[in-house]
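Structure first, commentary second.
There are 4 protein chains.
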Amino acid sequence: MRNASLHTRVSILKVALQLFLKKGYKDVSYQDLIKETGLSKGAIYHHFKSKEDLLVSTFEFLLEAANQSAGMEPEKEIKDIKSFKKIFIDSKKGQFKGVQKLLGTKILKFNKLLFFLEAISENIKLRKITTELLKQEIIFLEKCFIRLKKHTNLLKGKDPAVLAESLFLMLQGTELLLFFVNNSGQEEDFIKMYNKTLDEFFKII
Amino acid sequence: MRNASLHTRVSILKVALQLFLKKGYKDVSYQDLIKETGLSKGAIYHHFKSKEDLLVSTFEFLLEAANQSAGMEPEKEIKDIKSFKKIFIDSKKGQFKGVQKLLGTKILKFNKLLFFLEAISENIKLRKITTELLKQEIIFLEKCFIRLKKHTNLLKGKDPAVLAESLFLMLQGTELLLFFVNNSGQEEDFIKMYNKTLDEFFKII
Amino acid sequence: MRNASLHTRVSILKVALQLFLKKGYKDVSYQDLIKETGLSKGAIYHHFKSKEDLLVSTFEFLLEAANQSAGMEPEKEIKDIKSFKKIFIDSKKGQFKGVQKLLGTKILKFNKLLFFLEAISENIKLRKITTELLKQEIIFLEKCFIRLKKHTNLLKGKDPAVLAESLFLMLQGTELLLFFVNNSGQEEDFIKMYNKTLDEFFKII
Amino acid sequence: MRNASLHTRVSILKVALQLFLKKGYKDVSYQDLIKETGLSKGAIYHHFKSKEDLLVSTFEFLLEAANQSAGMEPEKEIKDIKSFKKIFIDSKKGQFKGVQKLLGTKILKFNKLLFFLEAISENIKLRKITTELLKQEIIFLEKCFIRLKKHTNLLKGKDPAVLAESLFLMLQGTELLLFFVNNSGQEEDFIKMYNKTLDEFFKII
DNA sequence: AATGAATGAGCGTTCATTCAT
DNA sequence: AATGAATGAACGCTCATTCAT
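Residue numbers (our numbering), protein chains in the order written: chain A, 30 to 234; chain B, 30 to 234; chain C, 30 to 234; chain D, 30 to 234.
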């Protein structure tokens, strides 16, 4: 039956995503996948012709959830820094929630996100998608700055595009440190760090 | 002979550093080490009691080269942004040169630096060292900003500590993107990106 | 097919039993198992998750054959020493035959039985089973003495339990010497020694 | 210097004996020997040309201590079972003390005595010595029985040689069970078991 | 007499993948 | 659609031994 097959496929994807984010692509074995899915090796190979195929599919599956907000317009007007922060944090929370929803009740840590990304970075197709996504994030930030600029002269003489890229880089740096220095994969830690970074950003500009 | 032993040890460390940076810790096997060193498995184990021990030693070996500038004062006065940039880029170039010197003639790519770091992040001792090093980098930047502030009113009303941390985060983000998006490990690419990031930073503040 | 799988499993067990008895657990390598079974390393690991698991399974497999007589009653009346000896030797022969049957055509030596036992002695579960088995052997002997006592006044005033334990110890000592002094693993040598020990036992009581 | 060399040799032998008895020959590595002796690999190879050579030498070294009582006459008259037991237990204690003295202050467990013996059993020379030693033990027991027979009619009609061999076998069996079932290597446990076995023996004859 | 550098075979185990059913 | 038996290469690591010093 079509539905049964799809259901199996999705359940494999959920488990794979869960595991890739927790342990990193390389450290997830078919043994792990079998244990978590309750399926057989053959069943997984039936749905995904290799581990790499599973990776690609999992990534695309992840994007379905996290991505939706990426191309979006900031929903509301941005009158001041406070609302700027709120918009940004909410969009991030939305991404987290999207992924959590995708995975159902399973609690998710993002400990090894980078090592999920590492695997991605060696796959041309996935790299292009990722690059595009990052650009979308910058564009989103740029739009936010454009809106903010209308209501404040804080940003006077500053290029929203440059502001956006700078903030984006700071946020990337923040995430990197969170992984390597704090070794955390908790959503709340991410949010806290985003807040701190935004505060610093608005202090220096 | 003592010297011969040390020589072997160092040659293993050089090869290990080279390989860890190129392929990442996990993906370097003893097979690789044997091929590159020309030594036997037993010989490597004679010098380093485990792969983890080799990692720690390699990291410490790397620090001997890259680190020296870390605790340093910026050497000259910093009168303007141009000299700020020069000081920073020179310090980075110095770090690169230190590592290249350490490795002798071997060409070095930093393709998998992050996955060297990943292994590091799972070793408490190494994480502490790394964290300390990153702090030193921020302090170095802060000192630069303090000096720059004396000669320009560009930074008026801005906290050098916050400026330092913000720039640091941007630089980290830059490096992250370089690895994942550009997939580059070339020194020249790093320098180019550092320059670009510094330019953007001074545009927005 | 289920049967094929079971067949493979059993053929591994037979080879393992053969090798453990011949060389001792520690000295049997996967190399040996591969050579004798004609299977791949992976196949063996597919059926037994570790060498220790293989040991435990092999032991249980051995018991299926050798054990059956252990809990048994002596079948016939024991009127005199001659029939006592016959009963005992027959039960021992039965154990040997059981194992030989289990292993099919393969010739079996028990050269390193003790070093099979050694491995067993370090596994709590197996030790408990072994201890229980040894108790059963003593109980079997005790029952024989009780029957014998009815027909002869040779044992007058002697506790069948103590007689049983004493004979049991002598037989254990006999086996030990057979292994270490004679270095034999032949069934016929065992039988010969059992006979001799029984003779001596009935001389001294 | 002669003495210094001998001293080193003996200190290696002590450590080797200690380790062989504790872990069994096969499980003692040069790494262990180096750690315990504080000497280098080369030094040990200088004194003993192989691990087998070390085994042989260690065995001979052991005999110097434990053996002395072996060929001896029972010192006193044996008037009754009580004095028989005392003579035997004392001779065993003497053997233990001899070994303990040999090893100096080091506490000694005999956990793997059998696996020391196993290694021995594969060496023809050592097997001959061991066989001879065991015979000596039987002869010692026989002498004891001969003396006892003079003072009691308990043994009337019984051959001291057969009595000796039977008791010897029971004692061997006792030791075997101590190792495999009780997994003990404590002197006190040996003594306790010897006592129990002797009691049983005199009950049945 | 003693050091420790180096060898290379071997160990138990895990891995992604294939395939007959 | 799904199972799990089987493969064989690779993994990190330990071993007894040799040898130049």
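Yeah, the Cβ is synthetic: ideal placement off N, Cα and C, and Gly gets one too. Note that the structure is a prediction, hence the values are computed from the model and not measured.
Check                                                                                                                                                              : Outcome
Since A/Q201 contacts B/L143 with CB under 8 Å, what's their CB separation in whole angstroms?                                                                     : The pair is not a contact, with the Cβ atoms about 12 Å apart (cut-off 8 Å).
Please tell me whether A/V210 and B/L207 are closer than 8 Å, where the distance is taken between their beta carbons.                                              : no
List the residues of chain C that D/K78 touches, going by C-beta distances under 9 Å, in chain order.                                                              : Correct list: empty, because the minimum Cβ distance to chain C is about 23 Å.
Would you check if there are 3 or more beta carbon pairs closer than 8 Å linking the segment 103-118 of chain D to the segment 172-183 of chain D?                 : yes
Could you confirm whether any beta carbon from chain C is found closer than 8 Å to the beta carbon of D/F230?                                                      : yes
Going by the beta-carbon positions, is the gap between B/K232 and A/V191 smaller than 8 Å?                                                                         : yes
How big is the Cα-Cα spacing for B/E194 and B/I149?                                                                                                                : 22 Å
With DSSP collapsed to three states, give me the class of C/Y223.                                                                                                  : helix
Alpha carbon to alpha carbon, how far is D/Q215 from C/I73?                                                                                                        : 39 Å
What in chain B is Cβ-close to A/S58, meaning under 9 Å?                                                                                                           : Near A/S58 there are no residues of chain B at all, since even the closest Cβ is about 13 Å away, more than 9 Å.
According to DSSP, is D/F77 part of a helix, a strand, or is it coil?                                                                                              : coil
Specify the secondary structure class of C/V57 as computed by DSSP and reduced to three states.                                                                    : coil
Is the CB-CB distance between D/L131 and D/F88 below 8 Å?                                                                                                          : no
Helix, strand or coil for B/K138? Go by DSSP, reduced to three states.                                                                                             : coil
What span of residues does the alpha helix (DSSP H) with A/K157 cover, start to end?                                                                               : I153 to H180
C/N212 versus chain D: which residues are under 9 Å apart at the beta carbon?                                                                                      : S150, E151 and R156
Given a cut-off of 8 Å, decide if B/K138 and B/L50 are closer than it, judged by their beta-carbon atoms.                                                          : yes
Whole angstroms are fine: how far does the CA of D/L198 sit from the CA of D/E161?                                                                                 : 15 Å
Taking Cβ-Cβ distances shorter than 8 Å, what residues in chain A pair up with B/V191?                                                                             : E229, K232 and I233
Could you give the DSSP three-state label for B/Q201: helix, strand or coil?                                                                                       : helix
Kindly indicate the opening and closing residues of the alpha helix (DSSP H) around D/K121.                                                                        : I110 to L131
Grab me the residues of A/F125's own chain with a C-beta within less than 7 Å of its C-beta, minus the 5 sequence neighbours each way, in chain order.             : E216
Which residues in chain D have a C-beta closer than 8 Å to the C-beta of C/T160? List them in chain order.                                                         : V210
In the structure shown, what three-state DSSP assignment does A/Q215 receive?                                                                                      : coil
Do C/K115 and C/K52 count as a contact pair if the criterion is CB distance below 8 Å?                                                                             : no
What's the call for D/I153, buried or exposed, on a 16-neighbour Cβ count within 10 Å?                                                                             : exposed
Thinking A/Y223 and A/K135 are a contact (beta carbons under 8 Å), I'd like their distance in whole angstroms, please.                                             : About 23 Å; that fails the 8 Å criterion.
Output needed for D/F113: all residues of its chain with C-beta closer than 7 Å, excluding positions within five of it in sequence on either side, in chain order. : I107, C173 and L177
If you compare alpha carbons, which of D/A94, D/N212 and D/F219 is closest to D/G133?                                                                              : D/A94
Assign A/E166 to one of two classes, buried (16 or more other C-beta atoms within 10 Å of its C-beta) or exposed (fewer than that).                                : buried
Applying a beta-carbon distance threshold of less than 7 Å, which residues of chain D neighbour C/T226?                                                            : L198
Indicate the three-state DSSP secondary structure (helix, strand or coil) for D/E106 in the structure shown.                                                       : coil
Considering only the beta carbon of each residue, do D/I118 and D/I220 sit closer than 8 Å?                                                                        : yes
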